[in-house]
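Single-structure report; data block below.
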Amino acid sequence: MSPLRYNNRETARCRSRYAYLSVLSVTINIGYTYLMITWFTGENTFDIQQAVAAIVDTFDGNAERIDGTTLELKHIPDLLMGGTLFAEKRLVIIKDLSQNGAVWEKLPEWIGRTSDDIDVVLIDSKPDKRTNGYKEVKKRVVLKEFPIWRDRDQSLAETWVVKHAETLGLKLDKKLAHHIVARIGLEKWQLANGLEKIALLKTVTVETINDIIDPNPTENVFRLFELALDNRRQAVHDMIRALEPVEDPYKLFALLSSQALQLAVVANAGPNDNPTKDFDIHPYVAEKLSHRGKRLGARRSARILAAFAQTDADMKRSKAEPWLLIERTLLSMTQ
1 MSPLRYNNRE
11 TARCRSRYAY
21 LSVLSVTINI
31 GYTYLMITWF
41 TGENTFDIQQ
51 AVAAIVDTFD
61 GNAERIDGTT
71 LELKHIPDLL
81 MGGTLFAEKR
91 LVIIKDLSQN
101 GAVWEKLPEW
111 IGRTSDDIDV
121 VLIDSKPDKR
131 TNGYKEVKKR
141 VVLKEFPIWR
151 DRDQSLAETW
161 VVKHAETLGL
171 KLDKKLAHHI
181 VARIGLEKWQ
191 LANGLEKIAL
201 LKTVTVETIN
211 DIIDPNPTEN
221 VFRLFELALD
231 NRRQAVHDMI
241 RALEPVEDPY
251 KLFALLSSQA
261 LQLAVVANAG
271 PNDNPTKDFD
281 IHPYVAEKLS
291 HRGKRLGARR
301 SARILAAFAQ
311 TDADMKRSKA
321 EPWLLIERTL
331 LSMTQ
């Protein structure tokens, strides 16, 4: 029998036997060994949980959930090779095994010995890609990455909001989806929780959404930065006082500094420059800042950036109370 025919027959047998995993296309072939080990990585824990739930829901049995950080090397043979009297198959889900250096470095030696009736799902949010363990494990498993959304993924988030809202019996247009993402941010858990609240509303409008959904820090930063650029000094003062009890001043200042940098980049961009691509600035943000940047000019926007750099140094030296330094910097933007 030719290897090709053997492989095809085994592939068909394997896919039939592990049909509950077909949604993830996790059957791979190395030589004549068929591995049923999937590795989910990334900081998008929402989608990872959904993917794991899809596997568990269609598995005919009880999944075994293991904390990989507490595993010892002596446990690996039972997990990957041990059988059970109570079920024909086993589904083993191991979380954060890459954080367990002693076991992780040895894992590649055991993957090829995994029993045919045991399927393994590894879950790691931030494995160290520089390590030899990462490279060796990656060669031997099916890797699926779940990255979090960045600013450039705004349109993807808005599309997802519309589709996820439909599962809650909620119909949203593009304008409302855009407002929800701007209001909540790009984190999927927060978007999902926000949509559950919005689904309870009798009437869904921008105003009713604002009544039940608190603005995320990024939206606060946009608003605060714009108030400062418009020289609305009392409004800046009032918003600073409102943010003090609920926001971390250092995180807020980091976001404001990012705005100052993006403003300087857009203001100094030439006709052949592409700041949205070169500096990963969302097109919507770049468009808003470009009008401000043109009005301020390259010199004034650079001066604003220098003021933020000075404040950053002052905050690191604890020269004054952080909120006072933030307010002083914002009020100096139009001087």
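When we follow full-length UniProt numbering, the leftmost residue of the sequence shown carries the number 1, and every step to the right adds one. Think of the CB as a built atom: it goes at the ideal place given N, C-alpha and C, for glycine as much as any other residue.
In this structure, DSSP gives D248 a state outside helix and strand, which the three-state scheme calls coil. Shown here, V56 sits in a helix according to DSSP, grouped into three states.
Counting of Cβ neighbours within 10 angstroms places L176 among the buried residues, the total reaching 16 or more.
In the DSSP annotation of this structure, the continuous segment of the beta strand (DSSP E) that includes R90 starts and ends at R90 to K95.
Around A199, the same chain offers A165, L168, G169 and L170 as residues with beta carbons nearer than 8 Å, after the five sequence neighbours per side are excluded. Pairing T114 with I37 gives a Cβ-Cβ distance under 8 Å. In the three-state DSSP reduction, W110 falls in the helix class (H, G or I). Out of V56, E72 and L73, the CA that lies nearest to the CA of R65 is found in V56. Counted as a single uninterrupted DSSP element, the stretch harbouring W39 is not any alpha helix (DSSP H) but the beta strand (DSSP E) occupying residues I37 to T41. In this structure, L80 places its C-beta atom within 8 Å of the C-beta atom of V120. Nearest C-alpha to Q99 among Q262, I123, V246 and I118: I123. Rounded to the nearest whole angstrom, the C-alpha separation of I180 and A51 is 25 Å.
Less than 8 Å separates the beta-carbon of P217 from that of L255. DSSP places L122 within a strand segment (E or B) once states are collapsed to three. Between the beta-carbon of A264 and that of L305 there is about 4 Å, and that keeps the pair under the 8 Å contact cut.
Annotated three-state conformation of V265 is helix, per DSSP. For L289, same chain residues with a beta-carbon under 7 Å away, outside a window of 5 residues either side, are Q262, L263 and V266 in chain order. Taken in chain order, the unbroken stretches of beta strand (DSSP E) that lie wholly in the segment 117-172 and span 3 residues or more are 118-124 and 142-145.
Collapsing the DSSP output to three states places I76 in a helix. For R65, the pairing in a beta bridge is given by DSSP as I93.
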